[in-house]
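**Q**
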Ligand code: SAJ
């Protein structure tokens with residue numbers, strides 16, 4: 008690397024911690040990343056559309072469960088973290104990490120609007136010597152197809168005066184054993200120089216960087232990680248459907264299979280597939296493959312099985328009530344747990360919401376209880392959770408357990424509930 012080039016200058020600024028880090032999108036990925044870089048000694052500026060989020064950060068208050076406010080406040084006080092909505096300040100950054108959402112549109116296609124906005128903001132304020140790192144989970148080709156042309160249109164040469172890489176986020180909200188700082192992080196650069204600079208920066212703050220040959224390989228690795236989960240969850244949900252027809256307890260079968268010390272990884276059946284990652288990311292991959300005239304059959308089949316589970320469990324409620332000569336219509340059904348998974352408060356894509364919708368559609372009077380969720384929106388209506396669980400149990404005709412938070416007292420549920428359908432553990436008695 009010859010002296011005085013943009014690459015060597017950036018390298019020098021990284022080594023001396025003079026490099027200014029910009030993070031576009033300070034949410035559950037961007038804020039922890041900002042903290043990790045600040046704790047490594049870099050000055051970090053968060054860029055967000057939300058003036059409220061920027062102000063909250065500047066006041067040293069964290070809105071992300073994984074980041075205590077005292078940690079953030081200390082870094083803000085030291086002048087190592089600040090936040091803004093002013094995208095023109097991107098020109099002052101040496102490195103810019105993009106951590107914006109990549110949801111699905113109404114037609115279940117990738118919604119790239121946030122990524123496109125970030126790419127155009129960056130291109131608008133681009134200057135020589137900057138490193139751009141896309142972290143948002145997306146289809147293979149995004150970094151090259153969306154960022155590269157916008158950078159080149161500004162007259163910059165990738166790998167010489169501007170550097171571009173993809174490095175997927177692996178944040179699992181609520182997890183404390185694996186964090187942004189100690190989870191291995193994959194990175195692929197458009198050119199070797201891009202990877203070299205990106206790696207130099209990220210290795211200053213993150214324990215291990217895993218280099219791959221291209222941004223596409225890094226984009227695909229992340230999608231494989233989450234597709235692996237979606238497909239295996241789809242498999243065990245189908246095992247649930249098969250065991251039901253065989254008169255077997257799927258949970259007993261899975262627990263037994265899980266005693267195999269090699270060649271098996273345990274997944275468990277449930278009410279469906281929730282969260283903002285696993286139900287969505289694989290569809291980015293199948294969408295991309297469709298444009299290449301290929302059908303990603305495992306992804307589509309897993310999605311079909313997983314999305315069929317709420318209806319399956321509602322039928323189990325109907326069957327259980329029917330055994331007591333009761334109809335769903337007019338019965339009171341209590342849904343225990345509505346968050347998308349145990350011990351979180353997030354209801355995004357939660358299958359419990361689908362179960363509630365289907366029960367109401369069949370005429371049931373539906374209430375819910377969740378210690379982490381006070382209220383939910385269903386069919387345009389705000390539904391408030393029951394606060395007195397024993398009373399809610401006693402006054403219901405049937406209880407369906409959709410999320411088995413650790414805080415639940417299952418003895419209490421068994422004692423008071425007249426009838427229980429447990430989507431989370433058929434062995435729980
Ligand atoms: N689920 C099942 N059965 C299982 C496992 C999960 O029904 O055996 C359901 C959950 O209840 C939830 C959904 O699937 O509704 C997704 O669960 P998840 O355990 O995959 O949790 P997520 O969505 O929080 O996934 C995150 C992901 N992290 C990132 O995308 C960065 C994922 O890559 C992690 O592997 C996962 O956390 C984790 O390992 O906990």
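Numbering (our numbering), first residue to last: 8 to 436. Cβ coordinates follow ideal geometry from the N, Cα and C atoms, glycine included.
Please say whether residue 175 and residue 224 have beta carbons closer to each other than 7 Å?
**A** No, the pair does not count as a contact, with Cβ atoms beyond the cut-off.
**Q** Considering residue 90, what are the terminal residues of the beta strand (DSSP E) in which it resides?
**A** Note, residue 90: beta strand (DSSP E), 88-91.
**Q** Assuming contact is defined by CB atoms lying nearer than 7 Å, are residue 150 and residue 109 in contact in what I supplied?
**A** No.
**Q** Got a sec: does ligand 1 put a non-hydrogen atom nearer than 6 Å to the Cβ of residue 37?
**A** Residue 37: no, Cβ never under 6 Å from ligand 1.
**Q** Tell me where the alpha helix (DSSP H) around residue 290 begins and ends.
**A** Counting along the chain, the alpha helix (DSSP H) containing residue 290 begins and ends at 288-298.
**Q** With hydrogens ignored, establish whether the beta-carbon of residue 216 is closer than 6 Å to any heavy atom of ligand 1.
**A** Residue 216 Cβ: outside cutoff for every heavy atom of ligand 1.
**Q** Identify the residues that DSSP records as bridge partners of residue 372: which are they?
**A** Its beta-bridge partners are 339.
**Q** If you count every other CB in all the chains shown that lies within 10 Å of the CB of residue 480, and 16 or more means buried, which is it?
**A** Limits of the chain in this structure are 8 at one end and 436 at the other, which puts residue 480 out of reach.
**Q** Any heavy atom of ligand 1 closer than 6 Å to the CB of residue 238?
**A** Every heavy atom of ligand 1 is 6 Å or more from the Cβ of residue 238, so no.
**Q** Figure out for me which residue from 401, 295 and 359 has the closest Cα to the Cα of residue 422.
**A** Answer by Cα proximity: 401.
**Q** Can you tell me whether DSSP reads residue 405 as helix, strand or coil?
**A** Reduced to three states, the DSSP call for residue 405 is strand.
**Q** For residue 102, which three-state DSSP category applies?
**A** Three-state DSSP puts residue 102 in a strand.
**Q** Please go through the same chain and pick out, in chain order, the residues whose beta-carbon is closer than 6 Å to the beta-carbon of residue 125, but skip the five residues on each side of it.
**A** Cβ neighbours of residue 125 beyond the five flanking positions: 31, 105 and 107.
**Q** Check whether the stretch 374-392 touches the stretch 321-332, counting contact only when three or more Cβ pairs, one atom from each stretch, lie closer than 8 Å.
**A** They do not touch, by the three-pair rule.
**Q** Considering Cα atoms alone, identify which of 89, 355, 326 and 381 is closest to residue 390.
**A** When each option's Cα is compared against that of residue 390, the closest is 381.
**Q** Where does the unbroken beta strand (DSSP E) through residue 306 begin, and where does it stop?
**A** Here residue 306 belongs to no beta strand (DSSP E); instead the alpha helix (DSSP H) covers 304-330.
**Q** With DSSP run on the structure shown, which of helix, strand or coil describes residue 192?
**A** If DSSP states are grouped into helix, strand and coil, residue 192 belongs with the strands.
**Q** Which residue marks the beginning of the alpha helix (DSSP H) containing residue 40, and which one marks its end?
**A** 37-46 is the extent of the alpha helix (DSSP H) around residue 40.
**Q** Less than 7 Å between the C-beta atoms of residue 6 and residue 99, yes or no?
**A** Since the first residue shown for the chain is 8 and the last is 436, residue 6 is missing from the structure and cannot be characterised.
**Q** Do residue 230 and residue 292 have their C-beta atoms within less than 7 Å of each other?
**A** Taking 7 Å as the Cβ cut-off, residue 230 and residue 292 qualify as a contacting pair.
**Q** Check whether the Cβ of residue 271 sits closer than 6 Å to any heavy atom of ligand 1, and report yes or no.
**A** Outside the cutoff, so no.
**Q** Taking three-plus beta-carbon pairs below 8 Å as touching, is the stretch 207-221 in contact with the stretch 171-190?
**A** The stretch 207-221 is in contact with the stretch 171-190.
**Q** Any idea which residues DSSP pairs residue 429 with across the strands?
**A** In the DSSP output, where bridge partners are listed per residue, residue 429 has 408.
**Q** Check whether the Cβ of residue 235 lies closer than 6 Å to any heavy atom of ligand 1, and answer yes or no.
**A** Result no, Cβ not under 6 Å from ligand 1.
**Q** Taking buried to mean at least 16 other C-beta atoms within 10 Å of its own C-beta, is residue 313 buried or exposed?
**A** The residue is buried, with at least 16 neighbouring Cβ atoms inside 10 Å.
**Q** Taking only three categories from DSSP, how would you classify residue 384?
**A** Three-state DSSP puts residue 384 in a strand.
**Q** Mind checking who residue 219 pairs with in its DSSP beta bridge?
**A** In DSSP, residue 219 forms a bridge with 195.
**Q** So, are the CB atoms of residue 233 and residue 274 less than 7 Å apart?
**A** No; because the gap between Cβ atoms is not below 7 Å, this pair is not in contact.
**Q** Taking the beta strand (DSSP E) that residue 52 belongs to, which residues open and close that run?
**A** Counting along the chain, the beta strand (DSSP E) containing residue 52 begins and ends at 50-54.
**Q** Report the option in 379, 428, 414 and 386 whose CA atom is closest to the CA atom of residue 403.
**A** Among 379, 428, 414 and 386, the Cα nearest to that of residue 403 belongs to 428.
**Q** Should residue 244 go down as buried or exposed, given a rule of 16 or more other Cβ atoms within 10 Å for buried?
**A** Classification for residue 244: buried.
**Q** Buried or exposed: where does residue 194 fall if 16 or more other Cβ atoms within 10 Å of its Cβ makes it buried?
**A** It is buried - the Cβ of residue 194 has at least 16 other Cβ atoms within 10 Å.
**Q** Any contact of the stretch 278-285 with the stretch 255-268, i.e. 3+ C-beta pairs under 8 Å?
**A** As far as the Cβ criterion goes, the stretch 278-285 does not touch the stretch 255-268, which means the pair count is below three.
**Q** From residue 284 to residue 316, what distance separates their C-alpha atoms?
**A** So the alpha carbons of these two residues sit roughly 18 Å apart.
**Q** Excluding five sequence neighbours on each side, which residues of the same chain lie with their C-beta closer than 8 Å to the C-beta of residue 340?
**A** Cβ within range, chain order: 324, 366, 371, 372, 373, 374, 403, 404, 405, 406 and 407.
**Q** In terms of DSSP beta bridges, what is residue 394 paired with?
**A** DSSP, once it has assigned bridges, lists no residue as partnering residue 394.
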